[in-house]
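Participant: Those protein sequences? They're chains A and B, same order as listed. Read in order, the letters of the first sequence are residues 1 to 906 in full-length UniProt numbering. Read in order, the letters of the second sequence are residues 1 to 252 in full-length UniProt numbering. Note that beta-carbon positions come from the ideal geometry of N, C-alpha and C, so glycine has one too. I have a structure I would like to understand better, so I am pasting it below and will then ask my questions one at a time.
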Amino acid sequence: MAKLILLCLKFIILSSAVEAVFEDQVGKFDWRQEYVGKVRFSHFDTHVQSSKKVLLATENNVFAALNTRTGELFWRHVDKTGPEGNIDALLQHGQDVVLVVGNGRLLRSWEINVGGLNWEIVLDSGSFQSACLVGQQDNVKHVAVLKKTVISFHYLSNGHQKWIENLPESETVDYQSVYSDGNGEVYALGIVPHSHIAIVAYSVEDGEIIKQVTMIHSSSIKYSLGLEVAPGFHPVLVSTQPNPGRQPLSEFFLQLGPDYYQLLQLNNGQIVTLRDFKPYLFSSLQASSLNLFSAETGRRLLDTTLIFNMDPYGGKPEKLHVQAFLKKDDSVGYRVMVQTEDHTLTFIQQPGRVMWTREEALSDVVTMEMVDLPLTGTQAELEGEFGKKADGLMSMVLKRLSSQLILLQAWIAHLWKLFYDARKPRSQVKNEVTIENLSRDEFNLQKMMVMVTASGKLFGIDSKTGSILWRHYLDNIPSNAAFKLMVQRTTAHFPHPPQCTLLIKDKDTGLATLHVFNPIFGKKSHVSPPALPQPILQSLMLPLMDQDYAKVLLLVDDQYKVSAFPSTKNVLQQLQEMASSIFFYLVDSTQGRLSGYRLRTDLSTELIWEVVIPAEVQKIVSVKGKRPNEHVHSQGRVMGDRSVLYKYLNPNLLAVVTESTDLHQERSFVGILLIDGVTGRIIHEAVQRKARGPVHVVHSENWVVYEYWSTKSRRNEFSVIELYEGMELYNSTVFSSLDRPHAPQVLQQSYIFPSYISTLEATLTEKGITSRHLLIGLPSGGILSLPKMFLDPRRPEIVSEQSREENLIPYAPELLIRTEWFINYNQTVSRVRGIYTAPSGLESTCLVVAYGLDIYQTRVYPSKQFDVLKDDYDYMLISSVLFALFFATMISKRLAEVKLLNRAWR
Amino acid sequence: VKMARLLQFKIAVVSTVLFVVCTNLVCCNNGRRVGDAMDTEFSGFSVPLEHSFEVDDVAKFKVRGALVLKAGREHSVSLTQNQLSEEDRAKLKEVAAVDGLYRIRVPRVFLQADRQTERQMDGYLTAFVRACAMVESHLSDVIALYSDVSGYLIGVSIVTLPGACRGTEVEDEVDLEVFNTTLSIMAPVNAPGPETALFLERMEQETEKKGKNPQEQKSFFAKYWYLILGGAIFLMATNSAQPPAGGEGEQS
């Protein structure tokens with residue numbers, strides 16, 4: 001009987017946790033955007049006239065084909081990250097594209113129509129130098145790959161190696177490029193620095209060395225043209241070979257300076273200068289112009305000027321990818337793909353029409369925040385009425401009347417729009433989101449996603465549709481910058497605009513700058529941020545507000561001096577009053593030192609606690625606090641015997657994760673320390689032996705979940721720590737770290753997880769009533785929503801009456817991955833790096849954004865939609881039943897009255 | 001900056017002086033404990049426990065007592081401490097009145113090392129408690145030392161019992177004379193791994209049970225077929241989209 005109950009229980013629990021999307025809900029609440037990253041190689045597919053493909057190989061090790069008409073992806077292949085998947089070269093011939101991947105480790109051939117792999121071969125080891133296609137009599141059949149010491153020759157049709165030869169004198173000669181002009185020979189060109197150039201010619205047939213030429217450096221040729229190289233610049237020669245079976249064009253470019261090019265022509269051994277291309281000085285940076293020049297003559301072609309407007313919030317153009325073609329009237333036409341510093345691709349057609357833009361910076365999102373949208377003008381007007389101070393009865397009445405009038409006006413306008421739209425065919429009515437008509441919806445489900453990318457470009461994206469509403473490129477961002485985005489003022493304080501602050505810190509020097517902006521419009525705020533001459537150690541957002549409702553940001557510099565932003569008199573006064581209760585901590589992971597400081601009234605600090613974890617044994621890998629906007633609804637858990645187990649809800653608790661420096665699989669360990677951030681008291685200290693990182697941690701409410709690699713069992717394991725205060729609460733009204741003498745009870749349990757994970761985050765809801773789920777980004781591209789219920793250290797090993805009463809799931813060592821737990825069904829999110837969760841106005845709903853190479857936004861309902869009626873809710877049935885009942889009561893009442901009357905008469 | 005440096009220098013001087021004092025103390029202790037050390041396998045060693053409470057909140061550490069640490073499988077610790085002098089008592093009350101801090105610190109040590117020189121490392125571990133809490137609890141504090149896996153001391157904590165500052169006046173000076181300290185040393189606990197062995201054992205037991213009593217196993221459907229059938233019909237009737245009872249059968 002007990003077993004039966006257990007089974008039933010299991011079934012109920014499992015079925016209650018089941019959640020999935022229905023087919024008609026696909027894409028209704030979620031969207032995905034796919035990116036490729038910064039372009040390294042691009043190739044327009046020209047072998048068919050009507051082809052509209054451009055092939056891209058990017059720095060993010062992605063190989064993709066874009067539709068040149070729309071900018072959408074035809075297909076995309078995501079390779080391994082890091083140098084292993086690095087794309088070294090891209091060669092196209094007809095329908096095939098040959099890629100050299102991973103510093104010459106692999107040679108791959110792709111079919112470009114569908115993006116299928118033709119063949120792949122592993123090349124001999126050796127660092128890759130150059131590759132080229134080799135043709136004979138317009139027939140391209142081979143590909144030559146030049147490495148540091150060898151040259152190999154492969155068939156284009158199947159990748160088989162035709163021959164491989166060692167390069168002569170490869171210890172001294174630095175071979176750099178390989179070339180063929182279709183005459184049955186392949187040339188390898190090498191340089192001996194400060195001495196000579198070596199050229200080796202191989203026979204295509206069998207790899208035999210036909211001849212070897214060495215050319216002595218002669219400075220006489222170099223300056224015979226009277227060209228002047230910009231000081232400190234290494235000149236670069238750019239030549240083109242349209243067909244690998246033929247000789248390259250006799251015209252070539254010589255880059256003499258960062259912005260200075262010269263078009264030269266090699267004519268019967270003579271070099272002729274055709275044209276100088278000096279940098280144009282733009283009077284305004286708003287527009288750029290492009291011209292097409294004839295390579296043969298160096299003259300500008302008529303009617304080829306293309307002027308396009310640059311995005312004032314974008315970067316400067318960096319690279320052009322030109323697709324030239326002959327028009328029907330035999331004149332030259334062209335399209336151009338402009339790549340700018342902020343990794344944007346803009347495809348432009350003559351005369352200056354922008355066909356599409358792709359914001360490839362979004363492939364590398366570093367951090368993000370979600371900001372509530374502002375109220376509409378009318379709503380704000382009403383709100384503002386309550387905010388203002390009362391000044392007399394009469395004026396209040398007038399104000400109320402005027403705002404009512406405005407509301408009426410807006411309503412009429414709305415009706416008129418409805419009427420107007422109703423006359424148009426449905427397809428023409430578009431609800432396009434623009435910055436002007438942005439407003440909060442009833443349940444605050446639509447928000448502004450502010451995304452910060454590694455390139456230094458900021459984006460404002462509408463969370464409902466995924467359309468980019470604003471962008472802002474910050475130039476002179478250091479390449480190794482760390483970003484921290486903070487919301488200083490939300491949209492709740494109308495007429496003050498919302499305000500976000502981005503802290504940009506150079507990781508090497510520690511010097512930081514602040515960028516203050518309006519998160520809804522992306523405009524830079526007129527509030528001038530303070531200059532920060534000292535390296536910044538720590539920044540913290542206080543719940544204090546200045547008179548303009550901006551939260552105070554404290555910045556701690558390397559002299560342990562604190563500066564506040566905004567630093568008005570009001571703020572400084574508040575800080576002085578609050579100083580003795582403002583504590584903060586610093587982490588020095590190189591020395592393993594965690595130290596706590598207290599603010600003094602003169603904005604200096606004093607060291608109050610110190611914990612030192614010896615860096616020679618273990619190193620601190622992450623320190624996680626709780627999210628400040630997190631609410632916990634219930635103070636405790638009701639046990640089976642109706643007593644309450646109170647949670648230890650310390651808002652100052654830090655979870656510190658360490659990894660051992662000894663990586664031997666028997667001795668390595670992962671350490672977890674729970675430290676109170678105010679007093680420095682170590683609440684709990686545990687080691688997970690025979691374990692190794694990478695460790696992913698989530699810290700929320702009264703629990704910490706972490707994931708590690710078990711070296712002993714060779715598997716991933718999850719562990720959960722929960723803290724309870726016990727059956728009695730020490731001080732139920734307020735929590736103070738300074739007054740909690742008793743250490744909490746610590747419960748811990750571990751589980752096996754059958755997959756690696758990329759990232760870990762917990763759901764977050766408005767009031768914290770909804771049960772929590774863990775969102776796990778898997779390397780396969782799935783995002784798993786795992787109920788926290790399964791990670792509960794109170795899961796009993798032996799089922800008892802009480803645990804059943806409490807609805808605890810019996811312990812099972814393995815956490816299963818159920819396919820219905822994937823919140824992104826088939827919308828794979830490549831290379832997930834982070835998951836961001838934000839509460840919505842509905843308690844049941846949590847907004848989720850997963851970012852990595854792709855961006856995926858969706859909503860999750862951890863306890864199902866208990867506060868929302870279903871989409872297919874039968875309003876008709878309910879209302880008809882209601883009405884029927886209503887009339888039935890009316891009729892029966894009438895009948896009863898008649899009956900009573902009749903009885904009275906009798 | 002200069003001020004701070006001067007201060008640091010002062011602290012350094014004070015601490016070196018203190019250090020000399022402590023080392024003396026250590027010597028004394030060791031001298032006393034030579035006899036004990038012969039008996040026990042692990043000889044204890046002593047480090048100073050220092051405290052500081054100043055009205056201007058600038059730390060000036062003075063010796064409060066000596067901690068005797070014993071390394072071993074289970075670290076142990078004991079404390080000998082002096083009484084608070086008349087002057088200190090007055091100062092502590094003064095500090096409590098301005099809501100100052102009562103700080104303690106211990107030097108960083110490596111418990112597992114054999115020689116004294118290897119034990120000492122530079123730097124201190126510090127912790128604090130509000131001075132008023134110290135006064136109001138009549139100097140009853142709980143001090144905990146924390147060591148890491150390899151035996152390094154990594155942290156110290158102090159709390160008082162009761163921990164709150166209620167503003168009650170401590171009249172009797174005698175209450176502030178003797179420390180009533182509860183001392184402990186904590187090593188990290190081993191976090192549990194997944195409990196596969198126990199789970200498998202339980203599974204085996206269950207299968208054994210099943211094997212022993214096949215009647216009961218068989219009678220599941222025999223007993224409850226009407227329930228299952230009824231449930232299936234009910235499910236089918238209410239929601240045609242729901243899969244029929246086959247799924248449930250599999251689950252069972």
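Can you tell me which of the three DSSP states glutamate 805 of chain A falls into?
Facilitator: Walking along the first sequence from the start, residue 805 of chain A turns up at place 805. Residue state, collapsed to three classes: helix.
Participant: How many whole angstroms separate the CB atoms of arginine 715 of chain A and isoleucine 752 of chain A, which I take to be in contact at a CB cut-off of 8 Å?
Facilitator: To locate residue 715 of chain A, count along the first sequence from 1; it is residue 715. To locate residue 752 of chain A, count along the first sequence from 1; it is residue 752. Correct: roughly 6 Å between the Cβ atoms.
Participant: Taking Cβ positions only, does serine 719 of chain A come closer than 8 Å to chain B?
Facilitator: Locating residue 719 of chain A in the first sequence gives position 719, where the first residue counts as 1. By this cut-off, serine 719 of chain A is an interface position.
Participant: Does any residue of chain A have a CB that is nearer than 8 Å to the CB of phenylalanine 53 of chain B?
Facilitator: Position 53 of the second sequence, counting from 1, holds the residue named residue 53 of chain B. Output row for phenylalanine 53 of chain B: interface = no.
Participant: Output the distance between the C-alpha atoms of proline 162 of chain B and serine 581 of chain A, rounded to the nearest integer angstrom.
Facilitator: Residue mapping note: residue 162 of chain B aligns to position 162 of the second sequence, counting from 1. Residue mapping note: residue 581 of chain A aligns to position 581 of the first sequence, counting from 1. One C-alpha to the other measures close to 20 Å.
Participant: From which residue to which residue does the beta strand (DSSP E) around methionine 890 of chain A run?
Facilitator: Numbered from its first residue, the first sequence carries residue 890 of chain A at position 890. Taken as a continuous stretch (DSSP letters only), methionine 890 of chain A belongs to no beta strand (DSSP E), being part of the alpha helix (DSSP H) at 875-905.
Participant: Taking the Cβ atom as the reference point for each residue, do lysine 537 of chain A and lysine 551 of chain A lie within a distance shorter than 8 Å?
Facilitator: Reading the first sequence from its first residue, position 537 is the one you call residue 537 of chain A. Reading the first sequence from its first residue, position 551 is the one you call residue 551 of chain A. Before going further, note that residue 537 of chain A is leucine rather than lysine in the sequence given. In this structure, lysine 551 of chain A does not lie closer than 8 Å to leucine 537 of chain A by Cβ.
Participant: Listing by chain order, which chain A residues have their CB less than 8 Å from the CB of phenylalanine 199 of chain B?
Facilitator: Your numbering for residue 199 of chain B matches position 199 in the second sequence. By Cβ distance, chain A contributes Glu797, Tyr811, Ala812, Pro813.
Participant: What does the alpha-carbon distance come out to for the pair glycine 184 of chain A and glycine 102 of chain A?
Facilitator: Here residue 184 of chain A refers to the residue found at position 184 when the first sequence is read from its first residue. Here residue 102 of chain A refers to the residue found at position 102 when the first sequence is read from its first residue. Cα atoms of glycine 184 of chain A and glycine 102 of chain A: separation of roughly 29 Å, rounded to the nearest angstrom.
Participant: In whole angstroms, what is the alpha-carbon distance linking glutamine 827 of chain A and lysine 28 of chain A?
Facilitator: As a working note, residue 827 of chain A is residue 827 in the first sequence. As a working note, residue 28 of chain A is residue 28 in the first sequence. Taking the straight line from one Cα to the other gives about 13 Å.
Participant: Here's the rule: buried if 16 or more other CB atoms are within 10 angstroms of the residue's CB, otherwise exposed. What is cysteine 22 of chain B?
Facilitator: By one-based count along the second sequence, residue 22 of chain B stands at place 22. Summary for cysteine 22 of chain B: the model assigns pLDDT 36, below 50, so the residue's position carries little reliability; its value from the coordinates is reported in the next sentence. It counts as buried.
Participant: Counting only Cβ-Cβ distances shorter than 7 Å, please list the residues of the stretch 730-748 of chain A near chain B, keeping chain order.
Facilitator: Leu738, Asp739, Arg740, Pro741, Gln748
Participant: According to DSSP, what are the bridge partners of asparagine 166 of chain A?
Facilitator: Position 166 of the first sequence, counted from the start, is the residue given in the question as residue 166 of chain A. Answer is A/Val150, bridged to asparagine 166 of chain A.
Participant: For serine 563 of chain A and chain B, any beta-carbon pair shorter than 8 Å?
Facilitator: As a first step, residue 563 of chain A is located in the first sequence; it is residue number 563 there, counting from the start. Output row for serine 563 of chain A: interface = no.
Participant: Would DSSP call alanine 164 of chain B helix, strand or coil?
Facilitator: Here residue 164 of chain B is taken as the residue at index 164 of the second sequence, counted from 1. Residue state, collapsed to three classes: coil.
Participant: Give the secondary structure of aspartate 602 of chain A by DSSP, where H, G and I count as helix, E and B as strand, and everything else as coil.
Facilitator: Sequence index remark: in the first sequence, residue 602 of chain A carries index 602 (1-based). If DSSP states are grouped into helix, strand and coil, aspartate 602 of chain A belongs with coil.
Participant: When we look at the beta-carbon of glycine 625 of chain A and count the other beta-carbons within 10 Å, is it buried (16 or more) or exposed?
Facilitator: Translated into the one-based positions of the first sequence, residue 625 of chain A becomes position 625. Counting Cβ neighbours within 10 Å, glycine 625 of chain A comes out exposed, since fewer than 16 surround it.
Participant: Take the Cβ of methionine 215 of chain A as the centre, count every other Cβ of all protein chains shown within 10 Å, and call the residue buried at 16 or more, exposed below.
Facilitator: Translated into the one-based positions of the first sequence, residue 215 of chain A becomes position 215. Methionine 215 of chain A comes out exposed.
Participant: Report yes or no: do the stretch 450-463 of chain A and the stretch 476-485 of chain A share at least 3 C-beta pairs separated by less than 8 Å?
Facilitator: Enough Cβ pairs lie closer than 8 Å, so yes.
Participant: If we ignore side chains and look at the alpha-carbon of each, how far apart do leucine 503 of chain A and histidine 515 of chain A end up?
Facilitator: Looking up residue 503 of chain A in the first sequence gives position 503. Looking up residue 515 of chain A in the first sequence gives position 515. In a straight line, the C-alpha of leucine 503 of chain A is about 7 Å away from that of histidine 515 of chain A.
Participant: Taking Cβ-Cβ distances shorter than 9 Å, what residues in chain B pair up with isoleucine 164 of chain A?
Facilitator: Here residue 164 of chain A refers to the residue found at position 164 when the first sequence is read from its first residue. Here the premise fails: no neighbours, minimum Cβ distance about 51 Å.
Participant: Show which residues of chain B have a CB atom less than 9 Å away from the CB atom of serine 580 of chain A.
Facilitator: Against the first sequence, residue 580 of chain A aligns to sequence position 580. Correct list: Asp99.
Participant: Work out the CA separation of leucine 362 of chain A and serine 467 of chain A for me, nearest whole Å.
Facilitator: If you number the first sequence from 1, residue 467 of chain A lands on position 467. If you number the first sequence from 1, residue 362 of chain A lands on position 362. Straight-line Cα distance between these residues: approximately 12 Å.
Participant: Three-state secondary structure (DSSP) at threonine 207 of chain B?
Facilitator: As a working note, residue 207 of chain B is residue 207 in the second sequence. In this structure, threonine 207 of chain B counts as helix in the three-state DSSP scheme.
Participant: Apart from the five residues just before and just after aspartate 181 of chain A, which ones in its own chain have a Cβ nearer than 6 Å to its Cβ?
Facilitator: Indexing the first sequence from 1 puts residue 181 of chain A at position 181. Excluding residues within five positions, the ones whose Cβ falls inside 6 Å are Gln247.
Participant: Closer than 8 Å is the cut-off here; do at least three beta carbon pairs connect the stretch 793-810 of chain A with the stretch 331-338 of chain A?
Facilitator: no
Participant: Short check: CB of leucine 686 of chain A to CB of valine 189 of chain B, under 8 Å?
Facilitator: By 1-based counting over the first sequence, the position of residue 686 of chain A is 686. By 1-based counting over the second sequence, the position of residue 189 of chain B is 189. What sits at residue 686 of chain A in the sequence shown is alanine, not leucine. Yes, these two residues count as a Cβ contact at 8 Å.
Participant: Rounded to whole angstroms, how far is the Cβ of alanine 71 of chain B from the Cβ of glutamine 112 of chain B, which I believe are closer than 8 Å?
Facilitator: Here residue 71 of chain B is taken as the residue at index 71 of the second sequence, counted from 1. Here residue 112 of chain B is taken as the residue at index 112 of the second sequence, counted from 1. Indeed they touch by this definition, with Cβ atoms about 6 Å apart.
Participant: How about valine 100 of chain A and valine 145 of chain A: do their beta carbons lie closer than 8 Å?
Facilitator: One-based indexing of the first sequence puts residue 100 of chain A at position 100. One-based indexing of the first sequence puts residue 145 of chain A at position 145. Yes, these two residues count as a Cβ contact at 8 Å.
Participant: Cβ of serine 892 of chain A less than 8 Å from any chain B Cβ?
Facilitator: Working through the first sequence from its first residue, we reach residue 892 of chain A at position 892. By this cut-off, serine 892 of chain A is not an interface position.
Participant: Please list, in chain order, the residues of the stretch 149-181 of chain B that have any C-beta partner in chain A closer than 9 Å.
Facilitator: Val149, Ser150, Tyr152, Leu153, Ile154, Gly155, Val156, Ser157, Ile158, Val159, Thr160, Leu161, Pro162, Gly163, Ala164, Cys165
Participant: Establish whether the CB of isoleucine 672 of chain A and some CB of chain E are separated by less than 8 Å.
Facilitator: In the structure shown, chain E does not exist; the protein chains are A and B.
Participant: Against chain A, with Cβ distances strictly below 8 Å, would glutamate 195 of chain B count as a contact?
Facilitator: The count along the second sequence starts at 1 and reaches residue 195 of chain B at position 195. At least one chain A Cβ lies under 8 Å of glutamate 195 of chain B.
Participant: Are the CB atoms of threonine 46 of chain A and tryptophan 356 of chain A nearer to each other than 8 Å?
Facilitator: Against the first sequence, residue 46 of chain A aligns to sequence position 46. Against the first sequence, residue 356 of chain A aligns to sequence position 356. No; because the gap between Cβ atoms is not below 8 Å, this pair is not in contact.
Participant: Quick one: grab the DSSP three-state call for arginine 89 of chain B.
Facilitator: Within the second sequence, numbered from 1, the residue matching residue 89 of chain B stands at position 89. Three-state result, arginine 89 of chain B: helix.
Participant: Measure the CB-CB distance between aspartate 88 of chain A and tryptophan 110 of chain A and report whether it falls below 8 Å.
Facilitator: Residue 88 of chain A sits at position 88 when you count from the first residue of the first sequence. Residue 110 of chain A sits at position 110 when you count from the first residue of the first sequence. Between aspartate 88 of chain A and tryptophan 110 of chain A, the C-beta gap is not smaller than 8 Å, which leaves the two residues out of contact.
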